[in-house]
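Student:
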Amino acid sequence: MISLLTFFMTPQNFGQRIGLVVSTLMAASAFHLSLLSGLPPTGYLTLADRMMLIVYIIFLFTSPSPST
1202 MISLLTFFMT
1212 PQNFGQRIGL
1222 VVSTLMAASA
1232 FHLSLLSGLP
1242 PTGYLTLADR
1252 MMLIVYIIFL
1262 FTSPSPST
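Position 44, counted from 1, in the sequence shown is what my numbering calls 1245; the numbers after and before it change by one each time, with no gaps.
If you want it as structure tokens, here you go:
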């Protein structure tokens, strides 16, 4: 939810936008790694894996570009 705040920030705040996206991406990936360490290895996607894929797709759309 925090990374979605980049849609409400002006393009002049590019540094803040990139910092917000990078910090939330690092937190999400650390959470994903800790989540995977608590589950046994499986050959299929679990619900947690599917939710994290959705989170990573949201990060793809919220990553700012300097031209916007």
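For each residue, glycine too, the CB sits at the ideal point set by N, CA and C. None of these values were measured; they are calculated from a predicted model.
Start and end of the alpha helix (DSSP H) containing Y1257?
Tutor: Where Y1257 is concerned, the enclosing alpha helix (DSSP H) stretches over 1248-1263.
Student: Taking 8 angstroms as the cut-off, does the segment 1234-1244 touch the segment 1208-1224 (at least 3 CB pairs, one atom from each stretch)?
Tutor: With a cut-off of 8 angstroms, the segment 1234-1244 and the segment 1208-1224 do not count as touching, because too few Cβ pairs lie within range.
Student: Kindly list the residues whose CB is nearer than 6 angstroms to the CB of S1264, restricted to its own chain and excluding five residues on each side of it in sequence; keep chain order.
Tutor: Within the same chain, S1264 has close Cβ partners V1222.
Student: For M1252, count neighbouring Cβ atoms within 10 angstroms of its own Cβ and tell me buried if that reaches 16, exposed if not.
Tutor: By the 10 Å Cβ count, M1252 comes out exposed.
Student: When you compare the CB positions of V1256 and A1231, do they come within less than 9 angstroms of one another, or not?
Tutor: Their beta carbons are not under 9 angstroms apart, which means V1256 does not touch A1231 by this criterion.
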